[in-house]
Amino acid sequence: MIKIQNLDKDKYQPCNLLVHILATINSLSLQIRSLNASVLTNVDPGLQVLAYAAYLESIIFNLISNALKYRHPVRAPKINIDTVYTDTHLQFRTKDNGIGVYLQKHGKDLLECTKHLMAIRMQEE
């Protein structure tokens with residue numbers, strides 16, 4: 014988990030996570046269809062997170078578009094997106110059947126865009 018300091022917390026807004034995921038899937042729908050890809054979501058429709066909306070959308074877009082970009086050359090892409098509650102936080106998870114990442118070479122660069130995002134926290138009701 015990454016903790017980022019010095020961001021203006023006043024710019025956070027409640028964001029419906031599923032709405033942002035579905036909007037991203039819609040924006041990539043031509044590519045998803047052309048690759049015969051499937052994107053499955055298991056996210057509570059009422060789940061709100063406090064985030065910079067633009068950064069949240071960017072992260073979701075990058076996760077899905079990278080799963081399509083780094084797909085296996087033979088298999089149709091399958092992308093699963095879900096959330097899991099733990100005792101202390103919410104996990105946003107993506108999984109795909111692509112070619113994988115060489116972590117020794119690229120591990121430090123993964124999710125570089127999260128440097129611009131403070132940890133997404135569930136909005137307290």
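Quick note: the sequence shown, position 109, residue 122 per the working numbering, numbers continuous.
Beta carbons are placed, not taken as given, at the ideal position from N, Cα and C, and that holds for glycine.
Note that the coordinates shown come from a computational prediction; the quantities given were computed from them, not determined experimentally.
- Inclusion of Ala89 and Ala50 in the CB contact set at 8 Å is warranted, their separation being smaller than that value.
- Val56 sits away from Ile38, with the two beta carbons spaced by 8 Å or more.
- Annotation note: the region 43-114 contains the following uninterrupted beta strand (DSSP E) runs of length 3 or greater, listed N- to C-terminal: 51-55, 61-64, 91-98, 103-109.
- Per DSSP, Leu41 is not a residue of any alpha helix (DSSP H), being assigned neither H nor E.
- Scanning its chain for C-beta atoms nearer than 6 Å, with the 5 sequence neighbours on each side dropped, one finds around Asn93 the residues Leu53, Lys108, in chain order.
- By the beta-carbon neighbour count (other beta carbons within 10 angstroms, threshold 16), Ala80 is buried.
- In its chain, beyond the 5 residues on either side, Ser51, Asn110 have a beta carbon closer than 6 Å to the beta carbon of Lys91.
- Straight-line spacing of the CA atoms in Ile34 and His85 works out to 23 Å.
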